[in-house]
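Engineer:
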Amino acid sequence: MAFQPNPGDRITINETTYIVGQHPAAPGLAYAQAGRQGIVYQLIPEHGEISEARALKVFFPKFRIPAMVYQSEHMSPYSEVPGLAVCSREVLTPEKNGDLIAAYPDLLYAVVMPWIHGVTWFDVISEQRSLNRSESLMLAKSLAAIGSKMEQRGLAHCDLSAPNVMLPFFSEVKLPEEQSAVELVDVEQMYSPKMDRPDVLLAGSPGYAAHRTVHSGLWSAYADRFAGAVIIAEMLGWSDPAVVSKAWGESYFDQHEMQTACERYFLLKKSLENRWDPAVAELFTRTWDSQDVRSCPTFGEWLITLSALSPAEPEPEPVQETESAPTAPVSAVAATAEAADIPDEVLAAMNLPAGTREVNEQVIERLFHQARDLEKEGDLSGALDIFRSAYHFVKKGSPLEVELAAAIRGLEEQLYPPESDKPKGFKALLASRKFMISSAAALVILTGSAFTVNQILADKAVSKQQQEEQRRLEEEARLQEEARLQEEARKQEEEARQAEEARKAEEARLAEEAKKAEEAELARKEEERAALQEKYERQARYEAYLAQLEEKKKRQELQEKYDRQAKYEAYLAQQEEKKKQREQEAQLAAAQAAKTEAEARAKAEREAAARAEAARKEKEAAERLRKQREENVTELTALYKAAFNAQKAGNKDRAKNFAREFVKIYDSDAAYYRTVTNMRSRYNNAVKFIEDESHWMPSL
1 MAFQPNPGDR
11 ITINETTYIV
21 GQHPAAPGLA
31 YAQAGRQGIV
41 YQLIPEHGEI
51 SEARALKVFF
61 PKFRIPAMVY
71 QSEHMSPYSE
81 VPGLAVCSRE
91 VLTPEKNGDL
101 IAAYPDLLYA
111 VVMPWIHGVT
121 WFDVISEQRS
131 LNRSESLMLA
141 KSLAAIGSKM
151 EQRGLAHCDL
161 SAPNVMLPFF
171 SEVKLPEEQS
181 AVELVDVEQM
191 YSPKMDRPDV
201 LLAGSPGYAA
211 HRTVHSGLWS
221 AYADRFAGAV
231 IIAEMLGWSD
241 PAVVSKAWGE
251 SYFDQHEMQT
261 ACERYFLLKK
271 SLENRWDPAV
281 AELFTRTWDS
291 QDVRSCPTFG
301 EWLITLSALS
311 PAEPEPEPVQ
321 ETESAPTAPV
331 SAVAATAEAA
341 DIPDEVLAAM
351 NLPAGTREVN
361 EQVIERLFHQ
371 ARDLEKEGDL
381 SGALDIFRSA
391 YHFVKKGSPL
401 EVELAAAIRG
411 LEEQLYPPES
421 DKPKGFKALL
431 ASRKFMISSA
441 AALVILTGSA
451 FTVNQILADK
461 AVSKQQQEEQ
471 RRLEEEARLQ
481 EEARLQEEAR
491 KQEEEARQAE
501 EARKAEEARL
511 AEEAKKAEEA
521 ELARKEEERA
531 ALQEKYERQA
541 RYEAYLAQLE
551 EKKKRQELQE
561 KYDRQAKYEA
571 YLAQQEEKKK
581 QREQEAQLAA
591 AQAAKTEAEA
601 RAKAEREAAA
611 RAEAARKEKE
621 AAERLRKQRE
631 ENVTELTALY
641 KAAFNAQKAG
651 NKDRAKNFAR
661 EFVKIYDSDA
671 AYYRTVTNMR
681 SRYNNAVKFI
691 EDESHWMPSL
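Quick note on numbering: the sequence shown equals residues 1 to 700 in this note's numbering.
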């Protein structure tokens with residue numbers, strides 16, 4: 001028997017009785033939410049408050065995996081992490097819940113977990129609901145703190161997207177004070193070093209998956225960094241009306257725009273830089289330009305940067321002109337790290353004890369040791385990324401800055417070794433063989449000249465004037481030799497410079513060719529992806545068409561069955577009438593000689609019988625009409641809900657088909673359906689939507 005509960009139904013799970021909740025926007029229907037892996041129903045304890053509600057997730061057959069029991073047992077300790085309340089899970093198994101599963105086979109390996117009240121981040125985006133500055137900062141910091149806690153435990157959600165980010169902060173239900181402002185749901189794909197890889201991996205959600213990984217499943221400790229950064233940037237940008245108005249729809253970015261130089265990227269980046277801080281825009285840029293999720297900023301970096309921001313709207317500061325020399329820019333994070341202590345909430349998110357400690361004393365040491373561990377494992381690229389991240393927060397001029405700079409230079413030399421170790425320029429000239437020979441010749445000349453002069457002086461054979469002339473000639477020869485050597489050195493430097501320019505030009509040409517080849521490859525993959533997407537859409541339309549035909553066939557068969565039943569009942573009534581008429585005729589023939597009084601009495605009896613038969617037929621017809629109308633009211637409600645869901649999902653053709661079927665049934669007995677609650681409003685909205693597909697049908 002399929003599990004299709006109605007609101008108010010009772011179900012007992014593990015000796016606790018629950019009542020199926022009613023959907024607040026659709027009275028008469030169970031409170032259920034459909035996802036990619038199953039349907040979640042709201043269960044309210046029979047003797048409890050609405051805040052204690054539980055969620056029953058019934059998986060589709062493809063996702064009913066026995067290993068869910070093992071997975072949930074390992075998830076249970078993570079429910080203590082703020083934002084992971086849904087990790088407190090109970091799995092329905094044949095051993096513990098055999099009777100319930102026997103009655104409803106769909107509940108095999110279903111999961112009972114806390115019901116998260118509030119709206120999703122998907123609802124905020126799709127409704128274009130603007131936030132104020134304090135709300136944006138609070139939500140972004142809460143998500144960054146959750147991500148930081150998870151990263152410290154080696155965890156990752158692996159399907160982080162707007163529908164999976166709940167916001168209890170906006171819940172109308174009174175919740176406990178310790179309730180996190182942000183909660184994550186749909187954790188079946190969660191990564192943990194202690195859990196096995198899922199049989200089915202999701203490829204990320206459009207608008208939040210990096211284009212380089214969108215076609216392959218993500219399951220690693222770094223899987224949330226890109227999507228988490230995009231959601232944090234969206235939360236901060238949602239306090240800017242210009243950003244809200246440019247949203248693509250169900251997410252801020254269109255999937256085709258991911259990691260491209262699109263208009264939405266530059267608008268959001270400018271908003272983060274102007275309204276918040278250049279350090280925030282820098283983290284977002286690093287994410288957007290990353291080659292893989294591992295090179296994206298950590299959630300700890302986001303949390304430190306966001307903790308330095310103020311929830312108050314910034315006041316414009318007057319520009320003061322000075323004649324002092326320009327100084328190097330200092331990021332807000334670095335300035336805060338030098339002047340302020342870490343808030344207790346940031347220390348708690350980074351698993352550090354509360355107290356007044358500066359950022360660099362704890363955070364940089366943690367990052368430094370992590371990078372050294374990666375370096376020992378041979379992951380030089382990962383170690384270099386972490387060293388560079390730590391360098392952003394180090395205090396300038398400190399010994400740690402010198403050590404980090406040396407480590408970065410050492411790794412860069414290993415990863416990108418220089419092309420040649422030979423000396424260049426003037427040093428190359430001094431080391432050249434030609435220069436050494438010329439210098440030796442000049443030394444011999446000078447030595448010989450000195451020996452001749454000394455000999456002449458010793459013999460006193462020349463005059464003082466001849467000695468001065470000799471010194472002048474020697475000086476001129478020395479100057480000429482130096483000029484010649486300098487000219488040769490200049491020529492060699494010029495030749496080296498030209499050779500270097502030629503080498504750089506060749507490297508630029510090769511880089512340009514490589515870039516063009518990469519762009520061509522990306523274009524080819526994009527065309528293949530578009531063709532595959534078109535194929536999927538055609539398949540979906542065909543399946544919808546087949547489902548429509550099957551539904552129409554079932555309705556026709558049901559109608560034919562009703563028609564045959566009505567004809568058969570009419571035939572039985574006719575036969576019964578004929579039988580009674582024959583009996584009456586026989587009685588009349590036998591009692592022909594009876595008195596007039598007996599004839600009058602018999603006539604009166606026949607008339608009474610006829611009236612009773614007519615009343616019975618009329619009652620039966622009225623009962624059939626009543627049942628038919630009740631069935632039609634149920635079907636009309638279901639058709640309108642199906643049209644509303646199809647329109648919400650963006651399938652307008654399917655929505656129109658449901659709307660037309662709704663109008664057809666309504667018109668068959670319009671006088672009655674006008675008296676049913678909300679049915680006339682549904683009819684008017686369905687007609688308007690058929691005439692104008694831009695008309696939005698409300699959820700009545």
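Every residue gets a Cβ at the ideal spot worked out from N, C-alpha and C, and that includes glycine.
Please report how far the alpha carbon of I146 lies from the alpha carbon of R89, in whole angstroms.
Structural biologist: Counting from 1 along the sequence shown, the entry for residue 146 is found at position 146. Counting from 1 along the sequence shown, the entry for residue 89 is found at position 89. C-alpha separation (whole angstroms): 19 Å.
Engineer: Where does T16 sit, in a helix, a strand or coil, going by DSSP?
Structural biologist: Looking up residue 16 in the sequence shown gives position 16. Note: T16 maps to strand in three-state DSSP.
Engineer: Could you round the C-beta distance between W115 and A55 to whole angstroms and report it? I think they count as a contact, below 8 Å.
Structural biologist: Locating residue 115 in the sequence shown gives position 115, counting from the first residue. Locating residue 55 in the sequence shown gives position 55, counting from the first residue. About 4 Å separates the two Cβ atoms, so the contact holds.
Engineer: Count the other C-beta atoms from every protein chain shown that fall within 10 angstroms of the C-beta of F60, then say buried if there are 16 or more, exposed otherwise.
Structural biologist: The sequence position of residue 60 within the sequence shown is 60, counting from 1. So F60 counts as exposed.
Engineer: Would you kindly work out how many angstroms separate the C-alpha atoms of E605 and D563, rounded to a whole number?
Structural biologist: For this step, residue 605 is matched to residue 605 along the sequence shown. For this step, residue 563 is matched to residue 563 along the sequence shown. Rounded to whole angstroms, E605 to D563 spans 33 Å at the Cα level.
Engineer: I need the DSSP call for L352, collapsed to helix, strand or coil.
Structural biologist: By 1-based counting over the sequence shown, the position of residue 352 is 352. Annotation note: pLDDT 49 at L352 (below 50); position unreliable, coordinate value reported separately. Coil at L352, not helix or strand.
Engineer: Assuming A602 contacts Q587 (C-beta within less than 8 Å), just tell me the rounded distance between them.
Structural biologist: Translated into positions along the sequence shown, residue 602 becomes position 602. Translated into positions along the sequence shown, residue 587 becomes position 587. The Cβ separation is near 7 Å, so the contact holds.
Engineer: Given this structure, state the Cα-to-Cα distance separating A312 from S134, to the nearest angstrom.
Structural biologist: On the sequence shown, residue 312 is found 312 positions in, with the first residue counted as 1. On the sequence shown, residue 134 is found 134 positions in, with the first residue counted as 1. Taking the straight line from one Cα to the other gives about 7 Å.
Engineer: Please report the distance separating the alpha-carbon of T17 from that of E49.
Structural biologist: Looking up residue 17 in the sequence shown gives position 17. Looking up residue 49 in the sequence shown gives position 49. Each residue's alpha carbon lies about 13 Å from the other.
Engineer: Tell me where the beta strand (DSSP E) around A34 begins and ends.
Structural biologist: As a first step, residue 34 is located in the sequence shown; it is residue number 34 there, counting from the start. Note, A34: beta strand (DSSP E), 32-34.
Engineer: How is the alpha helix (DSSP H) around P278 delimited, first residue to last?
Structural biologist: For the purposes of this step, residue 278 is taken as residue 278 along the sequence shown, with counting starting at 1. Per DSSP, P278 belongs to the alpha helix (DSSP H) from 278-288.
Engineer: State the Cα-Cα distance for the pair I44 and D9, rounded to the nearest angstrom.
Structural biologist: Here residue 44 refers to the residue found at position 44 when the sequence shown is read from its first residue. Here residue 9 refers to the residue found at position 9 when the sequence shown is read from its first residue. Cα to Cα, I44 sits roughly 11 Å from D9.
Engineer: Return the CA-CA distance between P278 and F169, expressed in angstroms with no decimal places.
Structural biologist: On the sequence shown, residue 278 is found 278 positions in, with the first residue counted as 1. On the sequence shown, residue 169 is found 169 positions in, with the first residue counted as 1. One C-alpha to the other measures close to 28 Å.
Engineer: Taking 8 Å as the threshold (C-beta atoms), are S251 and D385 in contact?
Structural biologist: One-based indexing of the sequence shown puts residue 385 at position 385. One-based indexing of the sequence shown puts residue 251 at position 251. For D385 and S251, no; Cβs fall outside 8 Å.
Engineer: Who pairs with A156 in a beta bridge, going by DSSP?
Structural biologist: As a working note, residue 156 is residue 156 in the sequence shown. Bridge partners of A156: Y191.
Engineer: I'd like the list of long-range same chain contacts for T12, defined as Cβ closer than 7 Å, with 5 residues on each side in sequence excluded.
Structural biologist: On the sequence shown, residue 12 is found 12 positions in, with the first residue counted as 1. Excluding positions up to five away in sequence, the list is empty.
Engineer: Provide the residue span of the alpha helix (DSSP H) that contains Q37, from first to last.
Structural biologist: As a working note, residue 37 is residue 37 in the sequence shown. Run containing Q37: none; DSSP gives neither H nor E here.
Engineer: Leaving out five residues before and five after I569 in sequence, what residues of the same chain have Cβ atoms less than 8 Å from its Cβ?
Structural biologist: As a position in the sequence shown, residue 569 is number 569, starting the count at 1. Per the sequence shown, the amino acid found at residue 569 is Glu instead of Ile. The residues are E620.
Engineer: What does DSSP give as the partner residue(s) for E43 in the beta ladder?
Structural biologist: Numbered from 1 along the sequence shown, position 43 holds the residue referred to as residue 43. Glu is not the amino acid found at residue 43; the sequence shown has Leu there. Bridge partners of L43: V20, R54.
Engineer: Helix, strand or coil, according to DSSP, for I116 in the structure here?
Structural biologist: Reading the sequence shown from its first residue, position 116 is the one you call residue 116. Residue state, collapsed to three classes: coil.
Engineer: Quick one: measure Cβ to Cβ for Q647 and M697, integer angstroms, because I've assumed they're closer than 8 Å.
Structural biologist: Taking the first residue of the sequence shown as 1, we reach residue 647 at position 647. Taking the first residue of the sequence shown as 1, we reach residue 697 at position 697. About 6 Å; that satisfies the 8 Å criterion.
Engineer: So the beta strand (DSSP E) V165 belongs to, where does it begin and stop?
Structural biologist: As a first step, residue 165 is located in the sequence shown; it is residue number 165 there, counting from the start. 165-167 is the extent of the beta strand (DSSP E) around V165.
Engineer: Count the other C-beta atoms from every protein chain shown that fall within 10 angstroms of the C-beta of L108, then say buried if there are 16 or more, exposed otherwise.
Structural biologist: Within the sequence shown, numbered from 1, the residue matching residue 108 stands at position 108. L108 comes out buried.
Engineer: Shortest alpha-carbon distance to Q370 belongs to which of L309, T298, Y416?
Structural biologist: Mapped onto the sequence shown, residue 370 falls at position 370. Its Cα nearest to that of Q370, the residue T298 stands out among L309, T298, Y416.
Engineer: Which of the three DSSP states is assigned to L184 in this structure?
Structural biologist: Taking the sequence shown and counting its residues from 1, the one referred to as residue 184 is at position 184. Note: L184 maps to strand in three-state DSSP.
Engineer: Quick one: residues in its chain with C-beta nearer than 6 Å to the C-beta of E693, no 5 flanking neighbours on either side, listed in chain order?
Structural biologist: Taking the first residue of the sequence shown as 1, we reach residue 693 at position 693. Within the same chain, E693 has close Cβ partners K652.
Engineer: Is it right to say I231 is buried, meaning 16 or more other beta carbons lie within 10 angstroms of its own, or is it exposed?
Structural biologist: Residue mapping note: residue 231 aligns to position 231 of the sequence shown, counting from 1. I231 comes out buried.
Engineer: Express the C-alpha separation of R484 and E493 in angstroms, rounding to a whole number.
Structural biologist: For the purposes of this step, residue 493 is identified with residue 493 of the sequence shown, where counting begins at 1. For the purposes of this step, residue 484 is identified with residue 484 of the sequence shown, where counting begins at 1. Cα to Cα, the separation comes out at about 14 Å.
Engineer: To the nearest angstrom, how far is it from the Cα of D669 to the Cα of E550?
Structural biologist: For this step, residue 669 is matched to residue 669 along the sequence shown. For this step, residue 550 is matched to residue 550 along the sequence shown. Cα-Cα distance, rounded: 25 Å.
Engineer: Please state whether DSSP places I65 in a helix, a strand or coil.
Structural biologist: As a first step, residue 65 is located in the sequence shown; it is residue number 65 there, counting from the start. Three-state result, I65: coil.
Engineer: Rounded to whole angstroms, what's the CA-CA distance from L510 to E413? Just pull it up for me.
Structural biologist: By 1-based counting over the sequence shown, the position of residue 510 is 510. By 1-based counting over the sequence shown, the position of residue 413 is 413. One C-alpha to the other measures close to 22 Å.
Engineer: Just reading off the alpha helix (DSSP H) that W248 is part of, what are its end residues?
Structural biologist: Your numbering for residue 248 matches position 248 in the sequence shown. Counting along the chain, W248 falls outside any alpha helix (DSSP H), and DSSP gives it neither H nor E.
Engineer: With distances taken between CB atoms, is the gap from A229 to W276 smaller than 8 Å?
Structural biologist: The count along the sequence shown starts at 1 and reaches residue 229 at position 229. The count along the sequence shown starts at 1 and reaches residue 276 at position 276. Their beta carbons are not under 8 Å apart, which means A229 does not touch W276 by this criterion.
Engineer: How is the alpha helix (DSSP H) around Q255 delimited, first residue to last?
Structural biologist: To locate residue 255, count along the sequence shown from 1; it is residue 255. Per DSSP, Q255 belongs to no alpha helix (DSSP H) and is neither H nor E.
Engineer: Return the CA-CA distance between Y672 and E15, expressed in angstroms with no decimal places.
Structural biologist: The residue given as residue 672 occupies position 672 in the sequence shown. The residue given as residue 15 occupies position 15 in the sequence shown. Rounded to the nearest angstrom, the two C-alpha atoms are 45 Å apart.
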